[in-house]
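Worksheet for the structure shown next.
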Amino acid sequence: MFGYYLDLAVRSLKRNKVLTALMVIAIAVGIGASMTTLTVMHLLSGDPLPGKSGTLFYPQVDADPTTDFSHKDPVDVMDYHSAVDLWTAHRADRQALIVDSQLKVRAPETSLPPLMEMMLSTTSDFFPMFDVPFQYGSSWQPQDDEKHARVAVISADLNDKLFGGANSVGRTLQLRDTDVRIVGVLKPWRPSPQFYMVAGGRFAHGQTADFYSKPEDVFTPFTSGLEINDGNFWQFTCWHMPDKPGYLVDSPCEWIRLWVELDSADKVAGYRSFVAGYAEQQKALGRITHAENTRLRSLMQWLDYNGVVPSDVRLQTWLAFAFLAICLFNTVGLLLAKFLRRSGEIGVRRALGASRAAVFAQCLVEAGMIGLLGGIGGWLLTLAGLWLVRRQPAVYADMAHLDVSMFLVTFALAIATSLLAGLLPALRACQLAPGLQLKTL
Amino acid sequence: MEIRPILSSLSRHKITAWLVIIEIALTCAIVCNAVFLISQRVDRMNMVSGIAEHELVEIQLANLGVRPDAKARTQEDLAALRKIPGVTQVSLANQMPFSDSETNNSIKLDPTQKLPSLSAALYWGENLAQTFGTQLVVGRNLREDDYRDLDAVNKAAAGGDPNDKALPRVLVITQAVADKLWPGKNPLGRFIYFGKTPETVVGVVAHLVRPASFSQGAEFSLLVPIRPVVGDGSSYLIRTAPQERQRVLKAALAALKALDPRRVVIEKRTWDDVRSEFFQNDRAMTGLLVGVCVALLVVTALGIVGLGSFWVAQRRRTIGVRRALGATRGNILHYFQTENFLLATIGIVIGMVLAYAINLFLMLHYELPRLPVIYFPVGAVLLWSIGQLAVLGPALRAAAVPPVVATRSV
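Residue numbers (the working numbering), protein chains in the order written: chain E, 1 to 441; chain H, 1 to 410.
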């Protein structure tokens, strides 16, 4: 029966090509617009570490002793003292201190000009904790953190730029004036967002596209990085002028991030009380004043708190779906016109014994057929739309590609839209009185 | 034109009529808001900076780090840049309008005040106002003897003595800051406190926009007399005649490279590029919104054409009868035009209410102002025209139906 309906649908679609084309175009354009924005939304609002994000937490302590600041929430990052104390305690399964800075990078064995790159200074747990993939070599060892070892891990991008993508483990890199030995090269790694650096979203007024930047190109042990690029660290904020700007160790500034991995709910509760206890103890020592103001958010909670999805992207998604709604109404109208114009034919079928359900099903098959054609058009338009997105100046532009799941969603959405659009016209068509139609033939 | 027959005919095709109405209403609501968003973006892109944009070039060098000779090298750089023919002003600025990071300071009118009066962007650099080309409203610009060296200022600020001689004592504010702090009063000679240090206002400039956080007061900017050293995000700004910019930029780079060939240049661009790069996201979003508006109007027009054609085809016989009974082609044409006008009007009324509701939602979530009233009549005229344009084809086809149709096959 289905085959027969398909045949009827094809015939009917062929009969009035202009009307068919109008409907297919309407659905294709609507689907193209909404799938383009939905793909971007999917890309930006997803979990950067699926399966792992539930075990990652971001502790915060409020070290600002002044009254200028509201203290409703602690500042987004921590001061050196608190961050290093919490890290040194090693109370979590894994923990990583993080600070980034810009510096001059050269490969002394090549004649390439120096580059300005971002360096992430962190501790060895960073790589296993965030599932960072290695192409060559491996992370440095925990003892390298203690020894202030002059070692580095570099990104695939930088390895391509400096060493033509060859295995550069063991080679030398000049960071500012210090020579370091490369111990590892990453595989291309592009978490979305660059979650471990996210902070300050509540001050961004929705302009959060920068949270989707590429990861840094050079990674060094935390202790070594502070020495190599001494004097070039930027604070997130300070509650008092530091003695020498750029030199932030033990300064009245907040500039370091700490991430911890906690594998069970018990450990999370334990760590929460450990952070609270630490703040109380520091208050007793007179270093901080707002001991109760501590937080321990999970990765996804932290991203949510920072409102990482840029407001422009959310606006575009709303707009695209409103657009799809208009295309839907358009298609309803056109389908209605199409079905009712065939009143005579439907009357004959009904008179010859077709049930209402059969007529209804036939109309829906025709609508679904339009949806399928619209889906193909929509898929092509989505590809074109994503191509346009990739040409935009946004930092996440390079990630805008259609994956398999979104490809399937495109067709599902197209057919669902057309079936929805076909519902009312099909209902009207199957309610036609056969007698009346036959009379006018 | 009689409206009653149209209404009675529409009441028999309620669903189709409502479809047209809903489509027009949705289009009206979305297009009104999208155009409003576009106008907001355009306003943002045309924001007044208060500086001589077409006469400036920027060169940013990488960090020199803290070196004992940084101060001397900065002076050397500035002298070399000044010597380039065609250069009228040169300055090393700690930051400039339309850049992503921003140095701010909370200021108070009284050191005992609990919460700051406002947070303003701090601009510093010797000769900066002259290089920016800011327009002085009252008072004077900063003078040679007002200036302090950045490292001495940092040391003094960390020292905590609010009366340390190494701290700057005067500043220049924008008109926006003056209006906010002392509305209607003369700001000259009044004090602004940085922490506990009083600074005397010596001048007011008409406009100077802050680097990026416009929502906190776009022109809350202060010019303070501090001499920075090269690095730490500071940029050389060079002022010259508009047609000389490319040549001066090249000459300046050559001059700086000649002083030290190992330095890394981070930025080299004219100030027109600064503006265009800073607002590139807004430009992309504006393009997208324009595209959506056009597509929406086209889809709606096509929908009206489609339904109009269907209606005409369905009523061929009725039209023929009317023609046979003496109706002119004009009568038939007007019938369909009036019908479309009625549907569009209902759609527009519903659409305006919807537009207002969407605007309220956007105001809540996107810090948008209220939709100006002018959008309503303009939007209505636009949709009426599109409706009339779309229905013209089908209506003409209806008018062309010959009366003889009435005599066939009844």
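The C-beta atom is built at its ideal place from N, Cα and C for all residues, glycine as well.
Contact check for Leu-175(E) and Met-119(E): beta-carbon distance about 7 Å, within the 8 Å limit, so the pair qualifies. Every unbroken stretch of the beta strand (DSSP E) spanning 3 or more residues and falling wholly within the segment 247 to 331 of chain H is given here in chain order: 265 to 270.
Nearest Cα to Leu-22(E) within the set Phe-329(E), Thr-410(E), Arg-428(E): Phe-329(E).
Counting only runs of at least 4 residues, the segment 264 to 316 of chain E fully encloses the following alpha helix (DSSP H) elements, listed from N- to C-terminal order: 265 to 284, 299 to 305. The three-state reading of DSSP puts Ile-374(H) in coil, since its state is none of H, G, I, E or B. Beta-bridge analysis with DSSP links Glu-109(E) to no other residue.
Assignment of beta-bridge partners to Pro-116(H) by DSSP yields no partner.
For the alpha helix (DSSP H) assignment, the uninterrupted runs of no fewer than 4 residues enclosed by the segment 39 to 119 of chain E are, from N- to C-terminal side, 80 to 88.
DSSP lists Tyr-123(H), Val-172(H) as the bridge partner or partners of Leu-223(H). Residue environment: Asn-163(H) is assigned as exposed (fewer than 16 neighbouring CB atoms within 10 Å of its CB, all protein chains considered).
Taking a Cβ-Cβ cut-off of 8 Å, the neighbours of Phe-329(E) in chain H comprise Leu-19, Ile-22, Glu-23, Leu-26, Gly-303, given in sequence order. By the neighbour-count criterion, in which 16 or more other beta carbons inside 10 Å mark a residue as buried, Phe-220(H) falls on the buried side.
Here Trp-255(E) carries a strand assignment [DSSP, helix/strand/coil].
Under a criterion of Cβ atoms nearer than 9 Å, no residue of chain H is adjacent to Pro-191(E); the nearest Cβ is some 21 Å distant. Not a single C-beta of chain E is nearer than 9 Å to the C-beta of Ser-39(H). Exclusion of the five residues before and after Val-169(E) leaves Tyr-136, Gly-137, Ile-182, Val-183, Gly-184, Val-185 as the residues of its chain whose Cβ lies within less than 8 Å of its Cβ.
Taking a beta-carbon distance threshold of 9 Å, Gln-431(E) does not count as an interface residue toward chain H.
Burial of Ile-25(E) is indicated by the presence of at least 16 other C-beta atoms within 10 angstroms of its C-beta.
Interface residue (Cβ-Cβ distance to chain H less than 9 Å): Met-241(E) is classified as such.
Runs of beta strand (DSSP E) with 3 or more residues, each lying fully within the segment 129 to 189 of chain E, are found at 134 to 137, 151 to 154, 172 to 175, 178 to 186, listed in chain order. For the pair Ser-139(E) and Thr-110(E), the Cα-to-Cα distance works out to about 24 Å. Between the alpha carbons of Asp-217(E) and Asn-159(E) lies a distance of about 9 Å. Under the Cβ criterion of 9 Å, Asp-64(E) is not counted among the residues facing chain H. Runs of the alpha helix (DSSP H) lying entirely within the segment 44 to 96 of chain H, each at least 4 residues long, are 70 to 83 in chain order. The secondary-structure analysis by DSSP pairs Asp-149(H) across a beta bridge with Arg-227(H). In this structure Leu-307(H) is buried. Its beta-carbon is surrounded by 16 or more other beta-carbon atoms within 10 angstroms. A distance of 9 Å or more separates the beta carbons of Pro-198(H) and Arg-148(H). By alpha-carbon distance to Gln-143(E), the top candidate from Val-389(E), Arg-15(E), Ser-224(E) is Ser-224(E).
DSSP links Cys-238(E) through a beta bridge to Cys-253(E). Rounded to the nearest angstrom, the gap between the Cα atoms of Phe-339(E) and Met-369(E) is 14 Å.
If you check the CB distance, Leu-56(H) and Thr-134(H) do not come in under 9 Å.
The CB of Phe-310(H) comes closer than 9 Å to the CB of Leu-19, Gly-333, Leu-334, Leu-336, Ala-337, Lys-338, Leu-340, Arg-341 in chain E, given here in chain order. Glu-144(H) is bridged by DSSP to nothing; it lacks a bridge partner. Exposure of Gln-281(E) is indicated by the presence of fewer than 16 other C-beta atoms within 10 angstroms of its C-beta. In this structure, DSSP gives Glu-367(H) a state outside helix and strand, which the three-state scheme calls coil. Less than 9 Å separates the beta-carbon of Val-35(H) from that of Cys-293(H).
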